[in-house]
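Novice: Take this structure, written in structure tokens, and hold onto it; I'll ask about it next.
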Amino acid sequence: MAIPFLDLPAQHVALKQELMRVFSDALDSAGFIGGPVVKDFEEDFSAFVGAKYAVGVANGTDALRLALIAMGVKAGDRVVTVPNTFIATTEAISQAGAKIDFVDVDPDTCLMDPNRLEAYLKRKFSGTQADRPSAIIPVHLYGQCADMDAILSLARQYNLIVLEDAAQAHGATYKGKAAGTMGHAAAFSFYPGKNLGACGDAGVVTTNDPAIAEKLAMLRDHGQKTKYYHAVEGCNGRLDAIQAGFLRVKLPHLAMWNNLRRQIAEAYDSAFGDIDWIRLVKVHPYNVSSCHLYVIHSRHRDQLQEHLKNNGIATGMHYPLPLHLQKCYAHLGFKHGSFPEAERSGAELLSLPMFPELGIDRARQVIDSVLAFSA
Ligand SMILES: Cc1ncc(COP(=O)(O)O)c(C=O)c1O
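Residue numbers (this note's numbering): 334 to 708.
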């Protein structure tokens, strides 16, 4: 039996009636934009995360971009992040008018390396005003939170804003604190394949800061609080009522789905832990990952992917080419060797099937297939 990388229809079987009710309620009320369903979802999600505010937006990319603007990032600023993230993180930086900077990642976790961040900040703050960043975006990649204590301590030392990219980390915790509660704000994506996925594009920003929440609520809605009176120039970045309704049906299942993902991750970890040609992504004991993606590294990555494909097992790569080497960022002036850890990871990584409905039996099939590979 072929094993898909992700199987969303399987997730919808048990929820179908409730999800269909969302559509019929929307048709009956014709309340497609904003309204009580969006408000209810924002309350549900802020309670789930444990943040004071959640502001629904059109997608995770808007969540990042509008959060940066709401936090005061402006044209000419610099924002530092990691090169091994999805391009939305850096699109948000440039589209907020700021310049993109990178620091390399810890090779064990693939997350922002606080030591490299410290060295970068030391260097930048010994230069001119224009060299200095105003914000940091740690990315909770694959569902594991970045080392927030170290990052927040540096942010305090240098008076920087911190925006968590929590697009892959719904329900993850770091030293008992939830992803989405640690920075000045956090951006979540509800792209359908995420741990909590909408039936299209959707996103949210969480924050404990009322001023950021208020600004965001205006920015996502053309900069208005009162219709047709625009305090600032915003955009059309609202969360649709159908998406919010869909997400409200799914949210109560998220913790259970994350647990099922963790069981699969544990099975993968114990099967691959001692294999000398596989390098696992280390998850720190103080972190509870949302297990959005299960990524292994191997020097034989391409042959392994081909072998799995021949055995009917779908895989992915998140992400094969680090952002500093992408054609669209050639103007930033980075080259091969600029961020060696992100580059090595990109060349060796492979994402195995990981979704709650995969189940242990099919995970074992994936394991057997990986172990049957010989380079
Ligand atoms: C790390 C990361 N940041 C940002 C995003 C952007 O989210 P969206 O696709 O909802 O715009 C994604 C998801 O695609 C992501 O994985």
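We put the beta carbon where it would ideally sit given N, CA and C, even for glycine.
From a predicted model like this one, the values you see are computed outputs, not experimental measurements.
Leaving out the 5 sequence neighbours to the left and right, which residues in its chain are closer than 7 Å to Gly556 when beta-carbon positions are compared?
Specialist: Excluding sequence neighbours, Gly556 sits near His563, Ala564, Val565, Glu566 and Gly567.
Novice: Count Cβ pairs between the segment 436–445 and the segment 486–497 that sit closer than 8 Å; are there 3 or more?
Specialist: Segments in contact, no.
Novice: Along the chain, where does the alpha helix (DSSP H) that runs through Asp377 open and close?
Specialist: Element bounds for Asp377: Pro369 to Val382.
Novice: Please state the DSSP three-state secondary structure of His640.
Specialist: Residue state, collapsed to three classes: helix.
Novice: Would you tell me roughly how many angstroms separate the C-alpha atoms of Ala531 and Gly460, rounded to the nearest one?
Specialist: Each residue's alpha carbon lies about 44 Å from the other.
Novice: May I ask you to list the residues that DSSP assigns as paired with Met445?
Specialist: In DSSP, Met445 forms a bridge with Val438.
Novice: Locate the beta strand (DSSP E) running through Tyr627, then write down its first and last residues.
Specialist: Tyr627 to His630 is the extent of the beta strand (DSSP E) around Tyr627.
Novice: Taking 8 Å as the threshold (C-beta atoms), are Ser622 and Tyr524 in contact?
Specialist: Result no, Cβ atoms of Tyr524 and Ser622 do not sit closer than 8 Å.
Novice: Within the chosen definition, does the segment 343–362 reach the segment 491–500 through at least 3 CB pairs nearer than 8 Å?
Specialist: Contact between the segment 343–362 and the segment 491–500 is absent, because fewer than three Cβ pairs lie under 8 Å.
Novice: Counting only the same chain and skipping the five closest in sequence on each side, list residues whose C-beta sits under 6 Å from that of Pro416.
Specialist: Taken in chain order, the residues that qualify are Phe435, Pro655, Leu656, His657, Phe672 and Ala675.
Novice: If Leu397 sits next to Leu496, beta carbons under 8 Å apart, how far is it from one beta carbon to the other, in whole angstroms?
Specialist: Going by Cβ atoms, the distance from Leu397 to Leu496 rounds to 7 Å, so yes, they are a contact pair.
Novice: Does the beta carbon of Tyr627 fall short of 7 Å from some heavy atom of ligand 1?
Specialist: Tyr627: no, Cβ never under 7 Å from ligand 1.
Novice: Taking the alpha-carbon of Ile693 as reference, which of Gly649, Tyr601 and Val616 has the nearest alpha-carbon?
Specialist: Nearest of Gly649, Tyr601 and Val616 to Ile693, Cα basis: Tyr601.
Novice: Is DSSP giving Thr461 helix, strand or coil here?
Specialist: Coil.
Novice: Just reading off the alpha helix (DSSP H) that Leu580 is part of, what are its end residues?
Specialist: Residues Ala574 to Lys583.
Novice: Where are the beta strand (DSSP E) runs, 3 residues long or more, that stay fully inside the segment 501–581, in chain order?
Specialist: Entirely contained in the segment 501–581, the beta strand (DSSP E) runs reaching 3 residues are, in chain order, 518–522, 536–540 and 557–559.
Novice: Would the beta-carbon of Leu397 be found less than 7 Å away from any heavy atom of ligand 1?
Specialist: True, at least one ligand heavy atom lies under 7 Å from that Cβ.
Novice: Look at the alpha carbon of Pro447 and the alpha carbon of Ile484, and state the distance between them as a whole number of angstroms.
Specialist: Roughly 6 Å separates the two Cα atoms.
Novice: Taking the alpha-carbon positions, what's the Gly364 to Ala574 distance?
Specialist: If I take the Cα positions, the gap works out to 7 Å.
Novice: Touching or not, the segment 577–588 and the segment 373–383, by the rule of three or more beta carbon pairs under 8 Å?
Specialist: Yes, since at least three Cβ pairs between the segment 577–588 and the segment 373–383 fall closer than 8 Å, the two stretches touch.
Novice: Compare the C-beta of Thr559 against all C-beta atoms of chain B and say whether one is closer than 8 Å.
Specialist: Although the question refers to chain B, the structure presented lacks it and comprises just one protein chain.
Novice: Please classify Glu681 as buried or exposed, where buried requires at least 16 neighbouring CB atoms within 10 angstroms.
Specialist: Buried, since its Cβ has 16 or more Cβ neighbours within 10 Å.
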